[in-house]
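Numbers given in my numbering equal positions in the sequence shown, counted from 1, plus 587.
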Amino acid sequence: MNKKENQRARITKIMLKNAMLDLMQEKPVEKITIKEICERSELNRSTFYLHYNEPNVLLKSIEDEIIENTSDYLEKIGADINDSAVHYICSFLNYIKENDKLFRTMLIKRENPFFKKKFVKISLEKIISSLNCTADESLKKYIYGYAVNGCLSVIIEWMESGYKLPEQDIVSLLFNLSKGTLGYYVV
């Protein structure tokens with residue numbers, strides 16, 4: 588009985604999250620109501636309130652799940668590819684492409700700099716930590732911030748273009764841009 592209830596709760600949460608993501612593609616988060624989420628998910632309000640007390644709590648749950656799942660995925664591929672940065676980033680880009688609706692909604696449609704910053708930090712943390720930056724410690728956060736935000740900009744442009752370029756081309760572009768940008772500070 589408990590296992591069935593847990594499964595039912597997981598399915599209900601998935602339905603609510605999918606409804607929220609669908610609505611986020613149509614309108615700003617602030618304008619999404621519980622009524623709309625319930626209508627889209629075909630669940631009633633009391634079911635919504637069993638799991639969340641407002642749309643922002645549901646959104647926070649989606650954000651946390653994305654961060655956790657991405658972190659788990661990157662940790663797994665990091666172990667599988669023997670720390671090869673090219674394969675790591677290529678796998679990461681493929682992961683974004685495979686989860687297009689989710690990432691398109693959260694990184695492009697939704698303007699939340701805090702989520703983007705957190706997402707990019709966990710996503711590129713391994714690569715950045717492997718760089719041998721020779722800059723003074725007080726400058727490193729600026730250098731890495733510049734590189735990470737530049738990478739995110741390229742990835743978002745790639746997504747907006749409908750993934751016209753292959754992952755390998757984007758990886759090459761990211762490395763070439765990073766070499767030019769970080770060349771003075773990274774050996």
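Here a beta-carbon is modelled for each residue, glycine too, at the ideal position from N, C-alpha and C. Note that the structure is a prediction, hence the values are computed from the model and not measured.
Cβ shell of residue i (< 6 Å), same chain only, five flanking positions each side left out
i	result
Leu608	Thr692
Val758	Val673, Ile676 and Cys677
Cβ neighbours of residue i in the same chain (closer than 8 Å, five flanking residues each side left out)
i	result
Asn689	For clarity, residue 689 is Leu in the given sequence; the question names Asn instead. Within the same chain, Leu689 has close Cβ partners Leu608 and Ile653.
Phe706	Ile653, Ile654, Thr657, Met693 and Leu694
Thr768	Tyr733, Ala734 and Gly737
Met602	Ser628, Glu629 and Leu630
The alpha helix (DSSP H) enclosing residue i, as first and last residue numbers
i	result
Ser734	In the sequence on display, residue 734 carries Ala and not Ser. Unbroken alpha helix (DSSP H) run through Ala734: Glu724 to Glu747.
Val616	Here Val616 belongs to no alpha helix (DSSP H), and DSSP marks it neither H nor E.
Leu752	Run containing Leu752: none; DSSP gives neither H nor E here.
Ser678	Ala672 to Glu685
Tyr634	According to the sequence provided, residue 634 is Thr. The question's Tyr does not apply to it. Segment Arg632 to His638, the alpha helix (DSSP H) holding Thr634.
Nonlocal neighbours in the same chain, by C-beta distance under 7 Å from residue i, ignoring five residues either side
i	result
Leu726	none
Leu760	Val741
Cys625	Asn631, Arg632 and Phe635
Thr599	Leu630, Thr634 and His638
Met588	Confidence is the limiting factor: at Met588 the pLDDT is only 49, short of 50, which leaves the residue's position unreliable and the question unanswerable from this model.
Ala722	Ile730 and Tyr772
Glu747	Ile695
Ile743	Leu694 and Ile695
Distance CB(residue i)-CB(residue j) smaller than 8 Å
i	j	result
Ile621	Arg632	yes
Lys696	Leu739	no
Asn686	Glu754	no
Leu646	Arg627	no
Tyr750	Lys684	yes
Pro642	Ile664	no
Contact test: residue i Cβ vs the ligand FMN heavy atom, cutoff 7 Å
i	result
Tyr771	The ligand content of the structure shown is nil, which means the ligand FMN is not present either.
Review point. Does the region 718 to 727 come close enough to the region 673 to 683 to have 3 or more Cβ pairs within less than 8 Å?
Key: no
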